[in-house]
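Colleague: Anchor point for the sequence shown: position 217 equals 220 in the numbering used here, and the numbering is continuous, going up by one each time. Note that CB positions come from ideal geometry on N, CA and C, so glycine has one too.
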Amino acid sequence: FWSSLEGSHLTWLMLVTVFGTIAAWSHSKDNEHVMPYVLAAIQVVVCWMFYLAWSHSDPFVANLPAPANGRGMNELLQNPYMAIHPPLLFTGYASLVVPFAYSIAALCYGDITEGWLKTVRRWTLISFVFLTAAITLGGRWAYVELGWAGYWAWDPVENSSFMPWLMATALLHSLLVQDKTGHLKRLSIILAIAGFFMTFFGTFLTRSGVVSSVHSFAESPIGPNYLAYLAALMLISITIYGIRAPSILPSESEKSWGVSRESALIVTQFLLISFAAIVLIGTLFPIVSEWLTKQRITVQAPYFNMFAPWVGLGVIFGVAIGNLLRYGSNAMPNGKKIVFSSIVFAIPCTIILVYFGDVMSTVKMKNLIAQLVGLYLTTWAIGCLIGDLYYRLDTLKWNFKLFITRSAGYFGGWIAHLGILIAIIGFLGNYRGMEHRETVKAGQSFEYYGYKFEFKDSGIEARTKLNATAYTAPVNLSRDGTFIMEMDPAQAVYPTKPDQTFNEIAITGNIWHDVYLVLVDFDKTDGKRATFQLNINPTVRFVWFAIVIICIGGLIALTDKYRGNKSRDVIGGEWETSK
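Structure representation (C-alpha cells):
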C-alpha cells in the first residue's frame with residue numbers, strides 16, 4: 004500500500020507512530036526525566052504528518068466513478084526491487100525521528116545521560132542499516148531497469164536519500180567520541196537534527212518537482228507544505244539550540260585530540276559532513292542559480308565525482324589507521340608490525356585484482372593510475388583491519404565467544420568497515436567500464452571483450468508476459484567456442500502505454516565483470532535486424548556483495564550490550580572500549 008504519494012506518506016506516518024510508541028515503551032530509567040520532551044517532539048511530527056495526510060494526500064478519497072481498470076503502478080516501478088526499496092527507505096527515515104526527539108529533549112532538559120547515548124546510538128544504527136539497504140536496492144533497480152548500465156548518477160533524489168545516510172554515519176562516529184571522552188555532545192545533537200531534517204528535505208525534492216529526476220514519479224501540490232514544514236523545523240530547532248545549547252556541557256575528562264582514535268573519528272566525521280555539504284550544494288545549485296540569474300544551471304555527475312575520490316581516500320586512511328589507534332593515547336599495539344605487513348600483503352592482492360579485473364586494459368592513463376593506487380591502498384587498509392582483528396583475538400587466546408560477548412560493537416564496526424573497503428574496490432571499476440554498440444541481422448554475430456554474441460535466426464520474438472508484451476531479441480552468448488547462455492534483452496510494451504517501450508535488460512557475467520546487453524532498436528517490419536548496446540561493467544558485483552557485509556556489520560553492532568565507558572576491548576590483557 005506504499006505506492007504513490009498517498010500510500011508512501013501513510014506508510015511513513017505509520018512507521019513514525021510505531022517507532023514513537025516503541026521509544027516510549029522501551030525507554031530506560033535513565034531517560035525517564037526526558038520522556039515528556041521526547042514524546043512531545045514525536046507527537047508534533049506525527050500531528051503535522053497526519054495533517055498532510057488529511058489535507059493533501061488522503062488515501063481514502065473516493066475515486067468516482069470507479070474506473071473499470073485502474074492505472075496500476077508506473078511501468079518502470081513494476082520490479083521486485085521497488086516492492087522492497089520504499090518500505091526500507093521509509094523505515095530508515097522514520098527511525099531517525101527518535102534521535103531527533105531525544106536531541107530536542109536533551110536541549111530542553113539541559114543534559115545528556117548514558118541512557119540518552121544508548122538510545123540514540125541504537126536508533127541511529129537501525130536507520131543506518133535500513134538506509135544502506137534501501138539506497139542499494141534503489142541503485143540495483145536503476146541498474147536492471149533503466150538501461151544505462153549504471154547504478155548511481157548523483158541524481159537529486161538519489162542524493163536526497165544519501166545525505167541522511169551521511170548524517171547518520173557521522174552521528175554514529177560522533178557518539179563514539181562522546182561515549183569515550185564526554186565531548187562532542189552538541190555536535191551529536193546537531194547531526195541528529197540535521198539527519199532528520201534531511202529526510203523531509205529529500206521528500207520535498209521528490210514530491211515538489213523543483214528538480215528533475217528519473218526517480219520522481221509522484222509530483223503533487225504537497226511540495227509547498229513540505230517547504231513550510233522544513234522552514235518551521237529549522238527555525239524551531241535553531242531557536243531551541245541557540246537558547247539551550249550552553250547548558251549541554253562536555254564532561255570534565257581531558258581532551259585527547261592529538262594522535263588517537265578520537266582524532267581519527269573526528270577526521271572521519273569531517274569528511275562525511277563535508278561530503279554531505281558538497282552533495283547538498285550540487286543538488287540545490289540548479290534552484291539557487293535559477294533564483295539568482297533566472298537561468299537554471301544543472302550540476303552533473305562530474306562535479307560530484309571531482310570530490311568523491313578524495314573523500315574515499317580519506318576514508319581508506321581513516322579506516323586503516325583509526326582502527327589501529329587506541330582511545331586517549333597515540334598507542335598502536337602491534338601497529339608498526341601490522342602496517343608494514345599490510346604493505347607486503349597488499350602487493351599480491353593488488354596484482355590479483357589487476358589481473359583478473361583486467362585493469363591494464365584501461366585506456367586513459369589518469370584512470371589507470373587512479374585504479375592502481377586505489378586498489379593498492381584499499382587492500383593495504385584491508386590488511387590493517389585483518390591484522391588488528393588477529394592480534395585482538397590472539398590476546399584472548401582465540402576465545403571468539405568471549406570476544407563477541409565483550410566486543411560485538413567493535414566487531415560489527417569492523418565488518419562494516421571491511422564492507423566499505425570492498426565497496427571502494429567495486430567503485431574503482433567505474434574507471435574502466437566499456438561500451439559498444441552494434442547493429443546486426445538475424446543469424447549474424449559480433450565479438451567484443453572476448454565474447455561472441457549471435458543474434459538468433461528467429462529474429463525478434465513477441466513473448467507474452469503477465470502484464471506486458473516483450474519484443475525479445477534472443478542472443479546466444481559464447482566465449483572461446485563454449486556456449487554460455489542465451490541472453491534475452493527486450494523492449495516491453497504495456498497495455499496502459501501502448502505507444503511507449505520499456506527496456507528489459509539482459510545481464511550475466513562473473514565476479515570480475517558484468518555483461519550488460521540492451522536492445523536499443525529493431526526492425527518493426529520483420530524483426531530481422533536489431534541494434535544492441537553492450538556494456539562491460541567491471542567489479543560491479545563487489546558493490547552488491549559489500550553492501551550485504553555493511554548491513555551485517557550494522558546488525559551485529561546492534562547486538563552489543565551497551566556498557567558505557569566500562570565496556571572494554573582487549574588490548575594487551577586489558578579491555579578498552581568496545582568500538
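Kindly indicate which residue of Lys459, Phe456, Ala495 has the alpha-carbon position closest to the one of Tyr474.
Modeller: Within the sequence shown, numbered from 1, the residue matching residue 474 stands at position 471. Comparing C-alpha distances from Tyr474 to each of Lys459, Phe456, Ala495 shows the shortest one belongs to Ala495.
Colleague: Locate the alpha helix (DSSP H) running through Pro501, then write down its first and last residues.
Modeller: Residue 501 sits at position 498 when you count from the first residue of the sequence shown. Here Pro501 belongs to no alpha helix (DSSP H); instead the beta strand (DSSP E) covers 500–507.
Colleague: So, for Gly141: in the same chain, excluding its five sequence neighbours on each side, which residues have a beta-carbon less than 6 Å away from its beta-carbon?
Modeller: As a first step, residue 141 must be located in the sequence shown, where it is residue number 138. Excluding five sequence positions before and after Gly141, the CB atoms of its chain that fall closer than 6 Å to its own CB belong to His88, given in chain order.
Colleague: When you compare only the Cα positions, how much space is there between Gly10 and Lys459?
Modeller: On the sequence shown, residue 10 is found 7 positions in, with the first residue counted as 1. On the sequence shown, residue 459 is found 456 positions in, with the first residue counted as 1. Computed Cα separation, rounded: 44 Å.
Colleague: Using 10 angstroms around the beta-carbon of Val64, count the other beta-carbons present and answer buried if the total reaches 16, otherwise exposed.
Modeller: In the sequence shown, the residue the question calls residue 64 occupies position 61. With fewer than 16 other Cβ atoms within 10 Å, it is exposed.
Colleague: If you follow the alpha helix (DSSP H) that Asp397 is part of, which residue opens it and which one closes it?
Modeller: Here residue 397 refers to the residue found at position 394 of the sequence shown. From DSSP, the alpha helix (DSSP H) with Asp397 extends over 368–398.
Colleague: So what does DSSP say about Pro541, is it helix, strand or coil?
Modeller: Here the question's residue 541 lines up with position 538 in the sequence shown. Of the three classes helix, strand and coil, the one that applies to Pro541 here is strand, per DSSP.
Colleague: Is it the case that the Cβ atoms of Ile425 and Phe548 are separated by a distance below 8 Å?
Modeller: For the purposes of this step, residue 425 is taken as the residue at position 422 of the sequence shown. For the purposes of this step, residue 548 is taken as the residue at position 545 of the sequence shown. Yes, Cβ-Cβ distance for Ile425 and Phe548 is below 8 Å.
Colleague: Quick one: what does DSSP say Phe220 is sitting in, helix, strand or coil?
Modeller: Here residue 220 is taken as the residue at index 217 of the sequence shown, counted from 1. Note that Phe220 scores a pLDDT of 49, beneath 50, so its modelled location is shaky and nothing firm can be said.
Colleague: Taking Ala234 as the reference, give the member of Arg210, Gly245, Phe200 with the closest Cα.
Modeller: To locate residue 234, count along the sequence shown from 1; it is residue 231. Minimum Cα distance to Ala234 is reached at Phe200.
Colleague: For Leu378 and Trp313, what's the separation of their Cα atoms in angstroms?
Modeller: Against the sequence shown, residue 378 aligns to sequence position 375. Against the sequence shown, residue 313 aligns to sequence position 310. Answer to the nearest angstrom: the Cα atoms are 14 Å apart.
Colleague: When you compare each of Val180, Gly113, Trp119, Leu67 to Arg247 by their alpha carbons, which one comes out closest?
Modeller: Translated into positions along the sequence shown, residue 247 becomes position 244. When each option's Cα is compared against that of Arg247, the closest is Gly113.
Colleague: What number of angstroms, rounded off, separates the C-alpha of Ala195 from the C-alpha of Asp182?
Modeller: Here residue 195 refers to the residue found at position 192 when the sequence shown is read from its first residue. Here residue 182 refers to the residue found at position 179 when the sequence shown is read from its first residue. Each residue's CA atom was taken as its position, placing Ala195 and Asp182 some 16 Å apart.
Colleague: For Thr20, which three-state DSSP category applies?
Modeller: Start at 1 with the first residue of the sequence shown, and residue 20 comes out as number 17. Residue state, collapsed to three classes: helix.
Colleague: Have a look at Tyr519 and Leu392 and give me their C-alpha separation to the nearest angstrom.
Modeller: Mapped onto the sequence shown, residue 519 falls at position 516. Mapped onto the sequence shown, residue 392 falls at position 389. Cα to Cα, Tyr519 sits roughly 38 Å from Leu392.
Colleague: Could you compute how far the alpha carbon of Thr442 sits from the alpha carbon of Asn162?
Modeller: Locating residue 442 in the sequence shown gives position 439, where the first residue counts as 1. Locating residue 162 in the sequence shown gives position 159, where the first residue counts as 1. Answer to the nearest angstrom: the Cα atoms are 36 Å apart.
Colleague: Give me the residue from Ile389, Asn370, Phe505, Ile281 with the minimum Cα distance to Trp151.
Modeller: Looking up residue 151 in the sequence shown gives position 148. For Trp151, the closest of Ile389, Asn370, Phe505, Ile281 by C-alpha to C-alpha distance is Phe505.
Colleague: Specify the secondary structure class of Asn66 as computed by DSSP and reduced to three states.
Modeller: As a first step, residue 66 is located in the sequence shown; it is residue number 63 there, counting from the start. In this structure, Asn66 counts as coil in the three-state DSSP scheme.
Colleague: Where Phe220 and Met76 are concerned, what is the direct C-alpha to C-alpha distance, given to the nearest angstrom?
Modeller: Position 217 of the sequence shown, counted from the start, is the residue given in the question as residue 220. Position 73 of the sequence shown, counted from the start, is the residue given in the question as residue 76. With a pLDDT of 49 at Phe220, under the threshold of 50, the modelled position of that residue is not reliable, and the figure given next carries that caveat. Distance from the CA atom of Phe220 to the CA atom of Met76, rounded to whole angstroms, is 10 Å.
Colleague: Which of the three DSSP states is assigned to Gly556 in this structure?
Modeller: Residue numbering aside, residue 556 sits at position 553 when the sequence shown is read from its first letter. The answer is helix: DSSP assigns Gly556 an H, G or I state.
Colleague: Should the segment 399–419 be called in touch with the segment 540–560, which here means at least 3 C-beta pairs below 8 Å?
Modeller: In the pairwise beta carbon analysis, the segment 399–419 is classified as touching the segment 540–560: at least three pairs are separated by under 8 Å.
Colleague: Checking 8 Å against the spacing of the C-beta atoms, do Ser106 and Ile241 come in under that value?
Modeller: To locate residue 106, count along the sequence shown from 1; it is residue 103. To locate residue 241, count along the sequence shown from 1; it is residue 238. No, the Cβ-Cβ distance between Ser106 and Ile241 is not below 8 Å.
Colleague: When you compare only the Cα positions, how much space is there between Val100 and Leu399?
Modeller: Here residue 100 corresponds to residue number 97 of the sequence shown, with the count starting at 1. Here residue 399 corresponds to residue number 396 of the sequence shown, with the count starting at 1. Straight-line Cα distance between these residues: approximately 39 Å.
Colleague: Given Thr408, which residues of its chain have a CB within under 6 Å of its CB, disregarding the five upstream and five downstream residues?
Modeller: Along the sequence shown, read from residue 1 onward, the residue named residue 408 stands at position 405. Closer than 6 Å at Cβ, skipping near neighbours: no residue.
Colleague: To the nearest angstrom, report how far apart Leu252 and Glu35 are at their CA atoms.
Modeller: On the sequence shown, position 249 is the one that residue 252 refers to. On the sequence shown, position 32 is the one that residue 35 refers to. Rounded to the nearest angstrom, the two C-alpha atoms are 20 Å apart.
Colleague: Between the segment 346–364 and the segment 319–335, do at least 3 Cβ pairs fall closer than 8 Å?
Modeller: no
Colleague: Name the residue from Asn326, Leu480, Lys121, Pro501 whose alpha carbon lies nearest to the alpha carbon of Lys564.
Modeller: The residue you call residue 564 lines up with position 561 of the sequence shown. Residue nearest to Lys564 within the set Asn326, Leu480, Lys121, Pro501 is Lys121 (criterion: CA-CA distance).
Colleague: Using the DSSP secondary-structure output, state which residues sit across from Leu520 in a beta bridge.
Modeller: Numbered from its first residue, the sequence shown carries residue 520 at position 517. BP columns for Leu520 point to Ala509, Leu537.
Colleague: Looking only at C-alpha atoms, which of Ile372, Ser345, Ala411, Leu371 sits nearest to Cys387?
Modeller: Taking the sequence shown and counting its residues from 1, one reaches residue 387 at position 384. Minimum Cα distance to Cys387 is reached at Ser345.
Colleague: Taking 8 Å as the threshold (beta carbon to beta carbon), is Ile284 in contact with chain D?
Modeller: In the displayed structure, chain D is absent; only one protein chain is listed.
Colleague: Residues in its own chain within less than 7 Å of Asp491 by CB, not counting five upstream and five downstream?
Modeller: For this step, residue 491 is matched to residue 488 along the sequence shown. These residues qualify, in order along the chain: Thr475, Pro477, Ala509.
Colleague: What does the Cβ neighbour count give for Met166, buried or exposed, with the cut at 16 atoms within 10 Å?
Modeller: Sequence index remark: in the sequence shown, residue 166 carries index 163 (1-based). Label assigned to Met166: buried.
Colleague: Along the chain, where does the beta strand (DSSP E) containing Thr485 start, and where does it finish?
Modeller: Mapped onto the sequence shown, residue 485 falls at position 482. Its beta strand (DSSP E) spans residues 485–490.
Colleague: Between the Cα of Gly453 and those of Glu464, Leu480, Ala445, spot the shortest distance and give me the residue it belongs to.
Modeller: As a first step, residue 453 must be located in the sequence shown, where it is residue number 450. It is Leu480.
Colleague: Please classify His12 as buried or exposed, where buried requires at least 16 neighbouring CB atoms within 10 angstroms.
Modeller: On the sequence shown, position 9 is the one that residue 12 refers to. By the Cβ-count criterion, His12 is buried, with 16 or more other Cβ atoms from all chains shown falling within 10 Å of its own Cβ.
Colleague: Sorted by chain position, which residues of the same chain lie with C-beta nearer than 7 Å to Thr202's C-beta, five sequence neighbours on each side aside?
Modeller: Counted from its first residue, the sequence shown places residue 202 at position 199. Closer than 7 Å at the Cβ level, and outside the excluded window around Thr202, lie Tyr96, Leu99, Pro167.
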